[in-house]
Structures are given as structure tokens and as C-alpha cells.
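Working notes, beginning with the structure itself.
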Amino acid sequence: MAQDRFLSNQGINVWELFAQWVPYVLGQRNEAVVALDWTDFDADGHATLVASLVASHGRTTPLVWFTVEKAALEGMRNETEDFLLNRLREVVPEPVRLTVLADRGFGDQKFYALLEQLKFDYVVRFRQCIQVTDATGEKKIAGEWVPESGRALRMTGASVTQDNTPVPAVVCVKKKGMKEPWCLATSLKEATAAFVVGLYSKSFRTEETFRDMKDLRFGMGLSWVKVRSTERRDRLLLVSALACALLTLLGAAGESLGMERHLKANTVKTRTYSLFRQGYEYYQAIPMTPESRLLPLMVRFVELIREQSSSVKSSAQYEGMPQVHQHSPPASTPHAGEHIHREGLS
Numbered sequence: 008m009a010q011d012r013f014l015s016n017q018g019i020n021v022w023e024l025f026a027q028w029v030p031y032v033l034g035q036r037n038e039a040v041v042a043l044d045w046t047d048f049d050a051d052g053h054a055t056l057v058a059s060l061v062a063s064h065g066r067t068t069p070l071v072w073f074t075v076e077k078a079a080l081e082g083m084r085n086e087t088e089d090f091l092l093n094r095l096r097e098v099v100p101e102p103v104r105l106t107v108l109a110d111r112g113f114g115d116q117k118f119y120a121l122l123e124q125l126k127f128d129y130v131v132r133f134r135q136c137i138q139v140t141d142a143t144g145e146k147k148i149a150g151e152w153v154p155e156s157g158r159a160l161r162m163t164g165a166s167v168t169q170d171n172t173p174v175p176a177v178v179c180v181k182k183k184g185m186k187e188p189w190c191l192a193t194s195l196k197e198a199t200a201a202f203v204v205g206l207y208s209k210s211f212r213t214e215e216t217f218r219d220m221k222d223l224r225f226g227m228g229l230s231w232v233k234v235r236s237t238e239r240r241d242r243l244l245l246v247s248a249l250a251c252a253l254l255t256l257l258g259a260a261g262e263s264l265g266m267e268r269h270l271k272a273n274t275v276k277t278r279t280y281s282l283f284r285q286g287y288e289y290y291q292a293i294p295m296t297p298e299s300r301l302l303p304l305m306v307r308f309v310e311l312i313r314e315q316s317s318s319v320k321s322s323a324q325y326e327g328m329p330q331v332h333q334h335s336p337p338a339s340t341p342h343a344g345e346h347i348h349r350e351g352l353s
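Read left to right, the sequence shown gives residues 8 to 353 (this note's numbering).
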């Protein structure tokens, strides 16, 4: 089968293709927010680390990813995360200011140092039991700094852990409806507490994107596809990322033509379906769509693809644009090599 030949093709090096894929997705952006998260494929014993662009349409777009055997991940998780972030740094055009969002599983002082060394801004959640010292020297565990009023507390000049590692700012909040408080470390020293909290809340969009990729009913059903090799998994995720991008553009084309009204109740004025879901519905309906409606949709779809392509050509002219690296990550778990690794940071 053509699909099997593609997934087995050693000439398709996903790790190298990121040097073209990431600038394409970023387009002409000068700033970007990226959510970092793991997702599991339990049936095959795989775990995939994904760094995804947080887009304005309610979903995220995978930028770089790396799949490992879960059995080999123990003791190598930090190194895998560091390896992926180094690759992200290599393929993001130099003028783009990038902010990384990450949950409690990533929150440690050496991770913050790594992001700073890579020149990434960050908003990272950490555990309530971590000690936080404010600018006056008062020490409490993070959970005790959370105001009972529901308002967010912002501390600059703070430090975290018993090592008193300085961070530009700490934000603690537990709004109504939150199951647990959020304790956030951030490099955005000048940002308001509300801005930092709002930014971190966007990290949850990755879960919706994972559902689009993995769920059989609501998405592409990748959790139901048997894949033994981690390299094949990463090639399959490349196909998924391309499909998600194209379906999202198709959804945007349909929405711009007012076609979403055929998918929702007349009384609803706001967007009901994500652009990905709209594109999925329009694609499924193509065989039965009258030419009078299909032709404008295809014309607009092609226009959006060309707009995206032209923006890539512009961004690629920046001096310092990374080149394709002629090496691949190891087949099992990555090694630090010449990359910046958190274990070498104080």
C-alpha cells in the first residue's frame, strides 16, 4: 500500500523537514505562543512530545514533535524535552519572539534556566508545594500565596524552591470554577497577572487538537492505528499535521463565505465549530455539494493557501534563517550532543 511505503520510507526525515514546516506555519508572525505537552499512544507503548503553535482559531498547530518508546522514557524525559526544545530553537526564524506554555510536569528551576538560555519567554505552571520567596524575603509554599478573593497575585523579584532560584515573576490565582490553584512562573516580568493567566489558559487548546488527531469519532482516529515504530509514528503525525492545516484552511474558507450557517442553529451568532471541524464537514460533503457552492469554496481555499505560501517566502528572507540540518535524532532516545541541556545549567 502507498501509505505503508510512505511510513516506511527512510528518505522522509521528519526531523529535517521541520526546518521547512515551522517557518511555513509561523508565516509572517513576529511573536508566537507555543504549548509544550506529551500525548500517549498506549496501545503501541508510545509517547509523543509535541510543541504546538497556539492559534487564534481555538486549536493548536503542531510545530515539532518526537515519539519515544514509553519503556525507554524513564530517566530520559528531561533529556527528550531538552532535545526537542533545542530543535525548535534551530528552526524558528530568528526575529520571532516565542513564548512557551507548559504544565506542572515541566515545572522545575532548571527548565526555566534552559528556556532562558534558548531565548524563549515562558509561562510554566508549578506545584503548590514548591517554596516561593517574595522580594521582601518572606517564604511560603506556593499554595499559601494564593489569594482567597479569587484575584491573581503577581510577585516580581521572587525566587522558587529551597535553592532560592530567581524567576522574573510568579503569579498565583484560584478563580471561581478552577479545580485547583494555578501557580505560574514566567519570564514576562512586565505583563499583568491577568495577561499571564489568560496566556496560560490557552495551553489547554492542545487537548482539543490531540482529540482532533486521535479520536475516531471526532477526528482522525490515530489512536486506533497500529504503529510499531516510533519513526513511522512521527511520519504519520506529519501527515496528520498537514491534514489538520489544510482542513483548517478549508474551514476558514467556508466560514469567510458564510457557510458555517448551514452547520449551526440560526439563533447562534458566534462560532459553533472550530475551523478544523468546519473544514472536516465541508470535506466530507464535497461529493454531494452543488457546483454553485463548491466552486466558490475551492476558489477561496486556494486563495488562502497562496496567502500562507507568500507569507512564508517573505519570512524566509530574514538573515539568520536556519538551514536544514543533515543529521537525525537517534532512533530511541535523544542525546544532548552540542545542544543546551538543563543538567548543565545551574
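Backbone N, C-alpha and C define an ideal beta-carbon position, used for all residues, glycine too.
In the DSSP assignment, A200 forms no beta bridge with any residue. Proximity of the segment 275 to 291 to the segment 252 to 259 meets the contact definition, three or more beta-carbon pairs being nearer than 8 Å.
DSSP, reduced to helix, strand and coil, places P154 outside both helices and strands of the structure shown, so it counts as coil. Residue environment analysis places M266 among the buried positions, since at least 16 neighbouring C-beta atoms fall within 10 angstroms of its C-beta. Pairing R134 with R111 gives a Cβ-Cβ distance under 8 Å.
Collapsing the DSSP output to three states places I137 in coil.
In this structure, DSSP gives A142 a state outside helix and strand, which the three-state scheme calls coil. In this model, R132 and L244 are separated by some 27 Å (Cα to Cα). Taking C-beta atoms under 8 Å as the contact rule, Y119 and A192 qualify, at a distance of about 6 Å. Taking all protein chains shown into account, R268 has fewer than 16 neighbouring C-beta atoms within 10 Å of its C-beta and is therefore exposed. Note on geometry: alpha-carbon atoms of D170 and G52 lie some 36 Å from one another. Secondary structure within the segment 80 to 141: the beta strand (DSSP E) runs of 3 or more consecutive residues, fully enclosed, are 104 to 109, 128 to 132 and 138 to 140 (chain order).
The segment 113 to 130 and the segment 142 to 158 do not touch, with fewer than 3 CB-CB distances between them shorter than 8 Å.
Relative to the Cα of S208, the nearest Cα in the group E145, E314, K196 and M185 belongs to M185.
Under the three-state reduction of DSSP, T74 is assigned to strand. In this structure, G286 lies away from L311, with their beta-carbon atoms at least 8 Å apart. Taking all protein chains in view, the Cβ of S316 is surrounded by fewer than 16 other Cβ atoms within 10 Å, so the residue is classified as exposed. Taking a contact to require three or more Cβ pairs closer than 8 Å, the segment 36 to 47 and the segment 205 to 222 qualify as touching. For L245, the uninterrupted alpha helix (DSSP H) segment begins and ends at T237 to S263. Cβ atoms of Q116 and T168 come within 8 Å of each other, at about 5 Å. V99 and Q35 have their C-alpha atoms spaced approximately 12 Å apart.
The beta carbons of F48 and S247 sit no closer together than 8 Å.
DSSP places E38 in the strand class (E or B) of the three-state scheme.
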